[in-house]
Amino acid sequence: MNPTLTALVLHDLKNALGSLEEQLSRLRVLPNAEDAGTAHHQCQELRLRFVQWLTVEAGELNDAQGLPVWCEDESPEELLQAAADRAKAMRPDLPAPLVHHDAGPIPACWYFDRRLVSMALDAAIHNAQRFARKQVWLRSWSDAGALHLAVDDDGPGLQESNGQSTGLGLTLCASVAKAHRRGQRTGTATAQTRPEGGTRFELTLP
Numbered sequence: 001m002n003p004t005l006t007a008l009v010l011h012d013l014k015n016a017l018g019s020l021e022e023q024l025s026r027l028r029v030l031p032n033a034e035d036a037g038t039a040h041h042q043c044q045e046l047r048l049r050f051v052q053w054l055t056v057e058a059g060e061l062n063d064a065q066g067l068p069v070w071c072e073d074e075s076p077e078e079l080l081q082a083a084a085d086r087a088k089a090m091r092p093d094l095p096a097p098l099v100h101h102d103a104g105p106i107p108a109c110w111y112f113d114r115r116l117v118s119m120a121l122d123a124a125i126h127n128a129q130r131f132a133r134k135q136v137w138l139r140s141w142s143d144a145g146a147l148h149l150a151v152d153d154d155g156p157g158l159q160e161s162n163g164q165s166t167g168l169g170l171t172l173c174a175s176v177a178k179a180h181r182r183g184q185r186t187g188t189a190t191a192q193t194r195p196e197g198g199t200r201f202e203l204t205l206p
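Quick note: the sequence shown, position 203, residue 203 per the UniProt record's numbering, numbers continuous.
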């Protein structure tokens, strides 16, 4: 992994552990449901970041091949609904994602590694929830022999949010995308400000 990104990730994890330690010390003195819930969410986020980091490291160590993939026929619609359900369960205090079918035709099945793609979507949704004002949308469509999975939010957009959707999360998503190949075609992961405002993360799989 890039040394600068590694340093930023370690600094972020250190700060998150410090915040968790503070929450737990308060719970020792005066247990309450609100602090317990906050500590639980922080533990979930730490675990997610560690898993992302280890996944990216595994892909870079195996530089010639990238991340190992195990692709099977999967339903994109079921994938998005499961990701939305996980996000609702993990962070009920944040905007719950809505699965929308307004972006184009959704294929019944597509060939991809569900574990890796789910991990990428979870990272993108988590990021979108942090910046969304009211709503996060999950969309899927296909064109030109590619499957598109998008996470949209109504937040401030990339410029105003000081680098939203960049860093470890997007590095993970790029590694997942790159691991999916069909002939000479390789998957891509992008993040950009939407014309109507907010940010779109898009994972494209060949």
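Cβ atoms here follow ideal geometry from the backbone N, Cα and C, with glycine treated the same way. Treat the numbers as computed from the prediction; the structure is a model and nothing was measured.
>> Going by DSSP, what residue range makes up the beta strand (DSSP E) through SER142?
In response: 136-143
> Thinking just about the alpha-carbon of each residue, which of THR38, VAL69, LEU67 and VAL151 is nearest to the one in PRO92?
Replying inline: THR38
> Would you report the Cα separation of LYS88 and ALA96, rounded to the nearest angstrom?
Replying inline: 5 Å
> By a C-beta neighbour count over all protein chains shown, 10 Å radius and 16 as the cutoff for buried, is GLY163 buried or exposed?
Replying inline: Here the model assigns GLY163 a pLDDT of 44, short of 50, so the residue's position is not dependable, and the following value carries that caveat. So GLY163 ends up on the exposed side.
>> If I follow the unbroken alpha helix (DSSP H) through PRO68, where does it start and stop?
In response: Premise fails: PRO68 is in no alpha helix (DSSP H) and is neither H nor E.
> Near ALA177, which residues of its chain fall below 8 Å by C-beta distance, leaving aside the five closest residues on each side in sequence?
Replying inline: Scanning its chain for C-beta atoms nearer than 8 Å, with the 5 sequence neighbours on each side dropped, one finds around ALA177 the residues ALA120, THR186, GLY187, THR188, ALA189, LEU203, THR204 and LEU205, in chain order.
> Roughly how many angstroms separate the alpha carbons of HIS148 and ARG139, rounded to a whole number?
Replying inline: CA-to-CA, the gap between HIS148 and ARG139 works out to about 8 Å.
> Thinking C-beta only, is LEU170 closer than 7 Å to THR199?
Replying inline: THR199 places its beta carbon 7 Å or farther from that of LEU170.
>> Quick check on the burial criterion: 16 or more other C-beta atoms within 10 angstroms. Buried or exposed for VAL117?
In response: buried
> Alpha carbon to alpha carbon, what distance is there between VAL29 and CYS71?
Replying inline: 49 Å
> What span of residues does the beta strand (DSSP E) with GLN192 cover, start to end?
Replying inline: 188-193
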